[in-house]
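For the sequence shown, position 464 matches number 463 in numbering that gives the first Met the number 0, and the numbering has no gaps at all. Note that beta-carbon positions come from the ideal geometry of N, C-alpha and C, so glycine has one too. Comments concern the structure below.
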Amino acid sequence: MTRLRLILVACVVSAFGLGIGIGVVSATTGTPSVAPTPANLYSDIVPAPVESAATTGSSPFLLSASTQITYPPTAKGVASYLSTLFRPAAGFTLALAPGQSGGIHLALTAPRSRVGDEGYDLDVTTDQVTIAAATSAGLFHGVQTLRQLLPPIIDSTTRQPYGAWPVPTGHISDSARYAYRGAGLDVARHFFTVAQVERYIDEIARYKINFLHLHLSDDQGWRIAINGWPALTAVGGATEVGGGRGGYYTQAQYRQLVAYAQSRFVTLIPEIDAPGHVTAALASYPQLSCNGKPTSVFTGINVGFSSLCATKPDTYTFLHDVITQLAALTPGPYIGIGGDEANATTAADYAEIVGQAAADARAAGKIPWGWQETTSLPLPAPAVAAYWKVGATPASVIDAAAQGTSVVLVPADHAYLDQKYNPATQLGLHWAGYVDVQDAYNWDPATYLADVAPSAVLGVEADLWTETVVTSADIDYMAFPRLPAIAEIGWSPASTHDWPAFQKRLAAQGSRWKAAGVNFYASPQVPWPGATPLAP
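Given below as C-alpha cells:
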C-alpha cells in the first residue's frame with residue numbers, strides 16, 4: 000500500500016471514530032477503497048438488542064479479503080455460512096481458520112444463564128470482531144447483527160467497488176424474549192418453489208425468526224407427496240387460486256427445505272389442515288367425504304365449506320399416513336394439524352377427527368400445533384394453539400392455557416401479512432381491517448390476551464396467506480416492513496418497545512432492502528431516508 004493510501008485510510012478510520020461515513024479514493028486506481036457507512040449503526044439494529052453501545056474515538060474494524068474467520072470445530076456451520084455471506088457485494092470469500100483466534104472470532108463461551116439458548120455477545124475492536132454465544136444458534140443470530148453494523152450496500156446482490164468494509168467499534172449483548180418467533184407461509188393457495196421458499200427463509204432469518212410454519216394443504220392445493228396416496232399431488236396439487244398450474248414438493252425436495260432451514264437455524268412446522276380446508280384432498284380421494292361423490296378442485300378463495308368424514312375408516316388411515324410421514328421427514332418438535340374454520344363439520348365429528356390427528360402426532364413423537372379452535376377439545380399438554388381471531392379471548396383458550404397448552408399469538412389485525420396496508424393497496428384482503436406497520440408493531444404479547452398468563456405465551460408469528468400473492472416480489476411487498484415489526488416483538492425485551500424509536504431503526508433497513516432487491520412497501524408511517532422501494 001502506498002504512503003498516500005495509508006494516510007487516506009487513516010483519515011477514514013479517524014472519521015468513523017467521530018461517527019462520519021465517507022469513502023476513500025485509492026491514489027493508484029481512483030476506486031473507493033473503504034465503503035461509506037452511516038453513523039450510529041448501533042442505534043439502528045432490528046430487532047433491538049438488550050444492550051448496545053458504540054465506542055467513540057476509535058478506528059473501525061476493516062473487513063477485507065485478508066480477514067479470517069476463526070472458530071471452534073463445533074461452530075463450523077456458522078463459520079462456513081459467514082465465509083460466503085458477503086461475497087456477492089464484496090467479491091471475496093473469508094478464509095476459515097479453525098482453532099485460532101483473531102479476525103472475526105466465533106466463540107462458544109458466553110454463559111447460557113445470561114444469553115440463553117439464542118443470545119450472544121458481539122464485541123468489535125479495531126483489530127477483531129468477536130461473537131460469543133452458548134450455542135451455534137446464538138452465533139448465527141450474532142452474525143445477523145454483524146451484518147447490520149456493515150454499510151447497507153454490503154447486502155447488494157452485485158459486486159461493489161470497495162476493498163474494505165468498516166465495522167464501527169462497540170459492544171452488544173443480546174438474548175431472545177420468546178423462544179418461538181415464527182413466520183407462516185401459505186404455499187397451498189399459491190404454490191412457491193423450493194428456491195422461493197429458501198429465499199424467504201433467508202429473509203426471515205435476518206431478523207432472528209426461528210420457526211417457519213409451512214401451510215401445505217388447503218381447499219386450493221395439496222403440496223407434499225405422500226407415499227401410498229399419489230392422487231393428492233397428481234390431482235390436488237395440479238392447480239391453485241385462479242386456476243394456475245399449482246405444484247408440489249417431493250419428499251426429497253421437502254427434506255431439502257428442512258435442511259436449508261436448519262442451516263439458517265429455522266425450524267420447519269409442516270401443516271396439513273383438517274377437518275376443514277380439504278377440497279384438494281376430497282377431489283383427489285372422494286372416499287374421504289361422507290357422500291363419496293367425486294368433487295372438483297377449487298380455485299376460489301371462500302372458506303369453511305369442506306370437511307373430512309368422521310365416520311369413515313379411510314379418513315383416519317389418511318390422517319395417520321400423512322402425519323406419520325411428515326413426522327418422519329421433519330426433525331422439529333411440531334406438526335400442524337389445522338383445525339380452523341371447520342364450519343361444515345359438526346362439533347362431535349370435529350372432536351373425533353382433530354382428537355385422532357393430535358393423537359397421531361403424539362404417537363409420532365411430535366407436539367400437535369393447531370389453531371385456536373382446537374382448544375374446544377381437552378387436548379392434553381403439551382400442545383400449541385395459535386390465536387388468530389379478532390375480539391374477546393374465548394373461554395376455551397383461557398382454559399386450555401391454564402391447563403398447559405402453549406399459545407402462539409397471530410392476531411389477524413396485527414400479524415396477518417396478507418391484510419392490505421390501506422384501501423389503495425393492490426394486493427391483499429381486508430376482512431381483519433387495514434394493517435400498516437404501526438399496527439403490526441404496537442401491541443404486547445404479554446398483555447394481549449385477557450385472563451391468559453404471560454407464561455402461557457410461547458411467542459408470536461407473522462402469517463402470510465397467499466390468496467392474492469403470486470410471486471416472490473409479492474411476498475416481499477406484503478412481508479416488509481411488517482415482518483420485522485413482529486420479529487422485534489418476539490425477540491426484543493419489552494423495555495425497548497417504543498414506536499418512535501422503531502420508526503427510526505426500521506427506516507435504516509430500507510437502504511439494506513433496496514440493496515438486496517427486497518420489494519418492500521414504503522409505508523408513509525416510516526421516515527425512509529433516501530430509500531426508494533422497487534416497483535410493487
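Opening and closing residue of the alpha helix (DSSP H) in which W490 lies: For the purposes of this step, residue 490 is identified with residue 491 of the sequence shown, where counting begins at 1. Residues R481 to W490.
As assigned by DSSP and simplified to three states, the class of R180: On the sequence shown, residue 180 is found 181 positions in, with the first residue counted as 1. R180 falls in the strand class under three-state DSSP.
W430, buried or exposed, once every other Cβ within 10 Å from all chains shown has been counted against 16: Position 431 of the sequence shown, counted from the first residue, corresponds to residue 430. Label assigned to W430: exposed.
Status (buried if at least 16 other CB within 10 Å, exposed otherwise) for N226: In the sequence shown, the residue the question calls residue 226 occupies position 227. Under this definition N226 is an exposed residue.
Separation of G235 from G509, as counted between CA atoms: Locating residue 509 in the sequence shown gives position 510, where the first residue counts as 1. Locating residue 235 in the sequence shown gives position 236, where the first residue counts as 1. For G509 and G235, the distance between alpha carbons rounds to 39 Å.
Among G458, E50, L463 and D412, nearest to D438 - alpha-carbon criterion: One-based indexing of the sequence shown puts residue 438 at position 439. Among G458, E50, L463 and D412, the Cα nearest to that of D438 is on D412.
Residues near T83 by beta carbon distance below 7 Å, same chain, minus five either side: In the sequence shown, residue 83 corresponds to position 84, counting from 1. Only T92 meet the Cβ criterion.
Buried versus exposed call for D497 [16 or more other C-beta atoms within 10 Å across all chains shown]: Position 498 of the sequence shown holds residue 497. When all chains shown are included, D497 counts as exposed.
Complete alpha helix (DSSP H) runs within the region 119-164 (minimum length 4 residues, chain order): 135-147
DSSP state of H214 mapped onto helix, strand, coil: Counted from its first residue, the sequence shown places residue 214 at position 215. The answer is strand: DSSP assigns H214 an E or B state.
Euclidean distance between Cα positions of D473 and L505: The residue you call residue 473 lines up with position 474 of the sequence shown. The residue you call residue 505 lines up with position 506 of the sequence shown. Here the C-alpha atom of D473 lies approximately 20 Å from the C-alpha atom of L505.
Delimiting residues of the alpha helix (DSSP H) encompassing D173: Within the sequence shown, numbered from 1, the residue matching residue 173 stands at position 174. Following the DSSP letters along the chain, one finds D173 in no alpha helix (DSSP H) but inside the beta strand (DSSP E) bounded by residues G169 to D173.
CB-CB length for R111 against G458, believed under 8 Å: In the sequence shown, the residue the question calls residue 111 occupies position 112. In the sequence shown, the residue the question calls residue 458 occupies position 459. That belief does not hold up - the Cβ atoms of R111 and G458 are roughly 19 Å apart, past 8 Å.
Sheet register partners of Y415 (DSSP bridge): Taking the sequence shown and counting its residues from 1, one reaches residue 415 at position 416. Bridge partners of Y415: D462.
Collapsed DSSP secondary structure at T344 in the structure displayed: As a working mapping, residue 344 is identified with position 345 in the sequence shown. Reduced to three states, the DSSP call for T344 is coil.
Contact belief for D218 with V277 at Cβ below 8 Å, rounded distance in angstroms: Translated into the one-based positions of the sequence shown, residue 218 becomes position 219. Translated into the one-based positions of the sequence shown, residue 277 becomes position 278. With 8 Å as the limit, D218 and V277 qualify as a contact, their Cβ atoms being about 7 Å apart.
For H104, the residue or residues it bridges with in DSSP: Reading the sequence shown from its first residue, position 105 is the one you call residue 104. Answer by DSSP bridge pairing, in chain order: T69 and T129.
Validate contact between the region 313-320 and the region 337-350 using beta carbons, cut 8 Å, 3 pairs: no
Proximity of P97 and Y70 at Cβ, strictly below 8 Å: Numbered from its first residue, the sequence shown carries residue 97 at position 98. Numbered from its first residue, the sequence shown carries residue 70 at position 71. Closer than 8 Å, so yes.
Contained beta strand (DSSP E) runs [length at least 3] in the region 281-341, N- to C-terminal order: 333-337
Cβ pair L463, D417 closer than 8 Å: Within the sequence shown, residue 463 is the residue found at index 464, counting from 1. Within the sequence shown, residue 417 is the residue found at index 418, counting from 1. Their beta carbons are under 8 Å apart, which means L463 touches D417 by this criterion.
T27 classed as buried or exposed, judged by whether at least 16 other C-beta atoms fall within 10 angstroms: The residue given as residue 27 occupies position 28 in the sequence shown. Confidence at T27 is low in this model, with a pLDDT of 41, below 50, so the placement of that residue should be treated as unreliable; the coordinate-derived value is given next. That one is exposed.
CA nearest to the CA of V77, picked from E351, E202, Q402 and S262: Numbered from 1 along the sequence shown, position 78 holds the residue referred to as residue 77. Among E351, E202, Q402 and S262, the Cα nearest to that of V77 is on S262.
Inter-residue spacing [alpha-carbon to alpha-carbon] between T125 and A326: Residue 125 sits at position 126 when you count from the first residue of the sequence shown. Residue 326 sits at position 327 when you count from the first residue of the sequence shown. Going from the Cα of T125 to the Cα of A326 covers about 48 Å.
Residues near P523 by beta carbon distance below 7 Å, same chain, minus five either side: Start at 1 with the first residue of the sequence shown, and residue 523 comes out as number 524. There are no such residues.
Spatial distance of G101 from A109 (CA atoms): Translated into the one-based positions of the sequence shown, residue 101 becomes position 102. Translated into the one-based positions of the sequence shown, residue 109 becomes position 110. Roughly 17 Å separates the two Cα atoms.
Nearest-angstrom beta carbon gap, Q127 and I44 [assumed within contact, 8 Å]: On the sequence shown, position 45 is the one that residue 44 refers to. On the sequence shown, position 128 is the one that residue 127 refers to. Contact flag wrong, Cβ pair sits at about 20 Å.
Closest Cα partner of V142 within the set K292, T467, I171 and S155: Numbered from 1 along the sequence shown, position 143 holds the residue referred to as residue 142. The candidate whose alpha carbon is nearest that of V142 is I171.
Residues near R481 by beta carbon distance below 6 Å, same chain, minus five either side: Here residue 481 is taken as the residue at index 482 of the sequence shown, counted from 1. L416, V436 and A439.
Contact set for K419: own chain, Cβ-Cβ below 8 Å, skip 5 residues either direction: The sequence position of residue 419 within the sequence shown is 420, counting from 1. Contacts found: L426, G427, L428, H429, Y433 and V434.
Backbone secondary structure at S32 - three-state DSSP: Locating residue 32 in the sequence shown gives position 33, counting from the first residue. S32 falls in the strand class under three-state DSSP.
Cβ neighbours of V166 in the same chain (closer than 8 Å, five flanking residues each side left out): Here residue 166 is taken as the residue at index 167 of the sequence shown, counted from 1. Cβ neighbours of V166 beyond the five flanking positions: P59, F60, L61, L62, V123, V128, L145, L148 and L149.
For L121 and L7, the rounded distance between their alpha carbons: Start at 1 with the first residue of the sequence shown, and residue 7 comes out as number 8. Start at 1 with the first residue of the sequence shown, and residue 121 comes out as number 122. Because L7 sits at a pLDDT of 36, beneath the cut-off of 50, its placement in the model cannot be relied upon, and the following sentence gives the value as read from the coordinates. So the alpha carbons of these two residues sit roughly 28 Å apart.
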